[in-house]
Amino acid sequence: MHEATLKRLEYDKLKEQLIGYTVSPAGKILAERHLPSIEMRQIQAWLLETEEASALLAAGASVPLSAMEGIDPFLALLGKGRIYVEQELEQLQTWLASVMQMRRYMASKRAIAPIIASYADSMHDCPQLREELSRCIRYGSLTDQASASLAEIRRHRYAVEDKISRKMEASLSKYKAALQEPIVSKRSGRLVIAVKRELRKQVPGTVWDESASGQTLFVEPVDVADLQVELRQWEAEEERERTVILSGLSDLADAHEAELRLNLEAMASFDFIMARGKLSRSYDGKSFQLTDEPLISLSQARHPLLGPSAVPLDVELGTSWSQLIITGPNTGGKTATLKTIGLLALLAQSGLLVPAKEGSRFGIFRTIIADLGDGQSLEQSLSTFSSHIRVLREMLESAEPRSLLLLDELAAGTDPGEGIALSIAVLEELHQKRALTAATTHFNEIKQYASRTRGCMNARMAFDPQTLLPLYQLIIGEAGESQAFAIARRYGLPERVMQRAEQLAVNRQQVTMLNPDAATVHAEDSSEAHTEIDVKNSSKKQEGAGKSALQPFQAGDAVWIYPLKRLGIVFRPADARGEVIVQVQGRKLAFNRKRLKLSISREELYPGEDYDMSIVFDSKENRKLRKQLSRKHVEGLVIEMEPEAFE
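Using the numbering used here, you'd call the opening residue of the sequence shown number 148 and step up by one each time.
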């Protein structure tokens, strides 16, 4: 799977959460290695496990996994001839008890989770090892029941210790006057009493240490010297017997190495499966239908990292159309929509439940590539546009019916005209290769591409015109507007700037619509664009509404045509019957004067009184011929004028 895409779609963040839900190092390793699969059987197996884990958690189950902590290092030493200490063997004992508990637990949950429960059938109780550990180890120490020899040795040791204790108490009383303080301490492994240096001769025995000041000597009374030698002998015997017992238990553990490792794998799998269930429940994940067809059909889908407050989305891709062009305002949720589509596809192919209504469908994609943000690299000194081009190249190279491609802000990072043309060419190529594509854009030309291309669908992010706030709802089947002016007003740009911007936008629309040759750069069908301009925001209103609503028009005026809800250019002013001829996208249409309203006067649209209106009303070919004839007479050259016919 495309590594950069996993990061762009924030798959790594959910993976960190998944790792955090594991309780054992072995389970953590499984989570760290987990990646989306392209194999149907593997995904289905993962999904069934996750569904059962989620069902167990929903039933209030508490899976006994806590005893797994710390067992991995111990099992890593198996089979290497090492003698394990009591604490390690006790940990093994606790873990084996947990294995038994897991088997019993899963047997009781077979009705809820039959698949997961069946995994417990392969686990081993290791009864001989478990019973020996239980007999020999308790509270981190060997029990007297570990062997008859150990019990006998300890009996003798306890007896000698008792004799020493009684004789030391007697020495404290006997030599009380010579003592610095009446306490028994230990020096060099020997029990001693603290004697004043100047009274040393009053206490027969061996000096084993002295205080820092030299005023106190630590003396082993002669009465206990032989007993302490005997005690050391019994302690050595006990240590030898301890080694024999631990060696036997270690050999027994090594003999069960294969069973113990299988148990570890099974417990790690349970840990990982339950972690998937916990993660899925954290974002209210639901089951979905996995299909062999390359498609995505989402109902009430939410981004798992945005929480329950995220506005749910309904998305279709690969069903009736393979390309979805999403438009709408900045901060309106376009990028979040792409991320939701891509991330949920990754979750589905990872065998995780998805935050969408049950019944949502996912195909399996061999390739998922997302181009979100600029991806700029300081080390490689790549520009924003260069970064986009690199990703586009990868998309074009890998595009096929089982590819899911997500493109954010088509035509961004370069000259808009060239960017638009390049974007449309890329979309056409991807469409030809039948790759599933979702893209966002602000450009009308790309919206027009979607509207005229079979298998491609427009969609928009909803926007509340009253509050000037995005609604974060995806509406399929409609192209949206960028709402740049509304958002700019909301963020406090000066009104004079906004009025001027609206005037320039209307002017640009007129030049584009009525004189396509004068436009800077457009896609091949840009002349067919139809942007509705709200006459309430036109420059005429900004100048004031003082002029009469029935003032005469002149050729070249831009007027709002109420029946068509669009702008046109006056070709011929009103005649005696009040009929005005208006040019709309190369067609001459007749309207009653009352059906029109002045939007922008000719003087504002065209510079100078002698502006050649044939640029607006005549064809490009005829204009070239007129220019040719103005220089010299050309034999046989004829300018054909269509007879006036008004619709």
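Ideal placement from N, C-alpha and C gives every residue a C-beta, glycine not left out.
The structure presented is a predicted model; accordingly, all values stated were derived computationally and were not measured.
Which residues in the same chain as residue i place their Cβ atom closer than 6 Å to its Cβ, once the five residues preceding and following it in sequence are excluded?
i: arginine 549; result: Pro441, Phe512, Arg513
i: glutamine 362; result: Arg344
i: glutamine 327; result: Ala341, Lys343, Thr363
i: serine 748; result: Asp704
i: tyrosine 286; result: none
Using CA coordinates, which residue listed in the options is at the minimum distance from residue i?
i: serine 507; options: Leu203, Val462, Glu316; result: Val462
i: lysine 343; options: Gly352, Trp355, Ala325; result: Ala325
i: leucine 378; options: Arg337, Glu628, Arg408; result: Arg337
i: threonine 600; options: Tyr168, Ser467, Leu499; result: Ser467
i: asparagine 477; options: Ala585, Leu364, Asp555; result: Asp555
i: aspartate 268; options: Leu319, Arg250, Ala568, Ala702; result: Arg250
i: alanine 206; options: Leu165, Arg188, Ile166, Ala260; result: Ala260
i: lysine 735; options: Glu750, Pro563, Arg719; result: Arg719
i: proline 368; options: Ser360, Phe419, Ala413, Glu316; result: Glu316
i: glutamine 732; options: Leu745, Leu711, Ala721; result: Leu711
i: phenylalanine 417; options: His303, Ile262, Ile330; result: Ile262
i: aspartate 431; options: Trp381, Leu500, Leu396; result: Leu500
i: asparagine 591; options: Glu576, Glu625, Gly352, Arg313; result: Glu625
i: aspartate 765; options: Glu751, Ser746, Gln730, Glu750; result: Gln730
i: histidine 535; options: Asp518, Ser281, Ser360; result: Asp518
i: proline 351; options: Tyr322, Gln375, Leu374; result: Tyr322
i: glycine 627; options: Ser746, Gly287, Gly480; result: Gly480
i: histidine 450; options: Met421, Thr482, Ile516; result: Thr482
i: leucine 148; options: Arg607, Ala582, Gln646, Leu493; result: According to the sequence shown, residue 148 is methionine rather than leucine. When each option's Cα is compared against that of methionine 148, the closest is Leu493.
i: glycine 424; options: Tyr596, Ser201, Glu751; result: Ser201
i: valine 135; options: Asp373, Asp356, Leu374, Ser360; result: The chain is shown only over 148 to 794; residue 135 falls outside these bounds and no answer can be derived.
i: serine 184; options: Glu575, Arg636, Gly510, Arg387; result: Gly510
i: serine 209; options: Ala223, Gln238, Gln189, Ser245; result: Ser245
Helix, strand or coil: how does DSSP classify residue i here?
i: cysteine 603; result: strand
i: tryptophan 468; result: coil
i: arginine 337; result: strand
i: glycine 639; result: coil
i: aspartate 309; result: helix
i: asparagine 739; result: strand
i: methionine 270; result: coil
i: alanine 342; result: It should be pointed out that residue 342 corresponds to valine in this sequence rather than to alanine. Strand, per DSSP.
i: isoleucine 190; result: helix
i: lysine 227; result: coil
i: leucine 289; result: strand
i: threonine 438; result: coil
i: alanine 205; result: helix
i: isoleucine 420; result: helix
i: threonine 363; result: strand
i: glutamate 647; result: According to the sequence displayed, residue 647 carries arginine and not glutamate. Reduced to three states, the DSSP call for arginine 647 is helix.
i: leucine 195; result: helix
i: glutamine 698; result: coil
i: valine 795; result: The shown model of the chain, from 148 to 794, leaves out residue 795, and the question about it has no answer.
i: leucine 212; result: coil
Excluding the 5 residues preceding and the 5 following residue i in the sequence, name in chain order all residues of the same chain whose CB lies nearer than 7 Å to its CB.
i: glutamine 248; result: Pro211
i: lysine 580; result: Ala546, Glu547
Starting from the C-beta of residue i, find all residues in its chain whose C-beta is less than 8 Å away, skip the five residues before and the five after it, and write them out in chain order.
i: glutamate 726; result: Ala737, Phe738, Asn739, Arg740
i: methionine 760; result: Ala702, Gly703, Tyr753
i: leucine 393; result: Ile230, Tyr231, Val232, Glu233, Leu236, Leu289
From which residue to which residue does the beta strand (DSSP E) around residue i run?
i: leucine 554; result: 550-554
i: arginine 719; result: 713-719
i: valine 706; result: 705-708
i: glycine 352; result: 352-357
i: valine 731; result: 726-731
i: isoleucine 516; result: 514-518
If you follow the alpha helix (DSSP H) that residue i is part of, which residue opens it and which one closes it?
i: arginine 180; result: 172-180
i: leucine 743; result: Note, leucine 743: premise wrong, no alpha helix (DSSP H); beta strand (DSSP E) at 743-747.
i: phenylalanine 221; result: 218-223
i: threonine 376; result: The amino acid at residue 376 is misidentified as threonine; the sequence shows valine. From DSSP, the alpha helix (DSSP H) with valine 376 extends over 369-402.
i: serine 570; result: 563-579
i: glycine 489; result: 481-496
i: glutamate 233; result: 233-255
i: glutamate 801; result: As shown, the chain starts at 148 and ends at 794. That puts residue 801 outside it, with no answer to give.
i: aspartate 159; result: 158-167
i: threonine 152; result: 150-155
Opposite residue i in the DSSP bridges: which residues?
i: proline 617; result: Phe610
i: valine 587; result: The sequence as given places threonine at residue 587; valine does not occur at that position. Beta-bridge pairing links threonine 587 to Ile473.
i: valine 444; result: According to the sequence displayed, residue 444 carries serine and not valine. Its beta-bridge partners are Glu463, Arg508.
i: lysine 594; result: BP columns for lysine 594 are empty, so no partner.
i: serine 332; result: Val339
i: leucine 557; result: Per DSSP, none; premise fails for leucine 557.
Are any of the Cβ atoms in chain D nearer than 8 Å to that of residue i?
i: leucine 177; result: Going by chain labels, chain D is absent from the structure shown, which holds only one protein chain.
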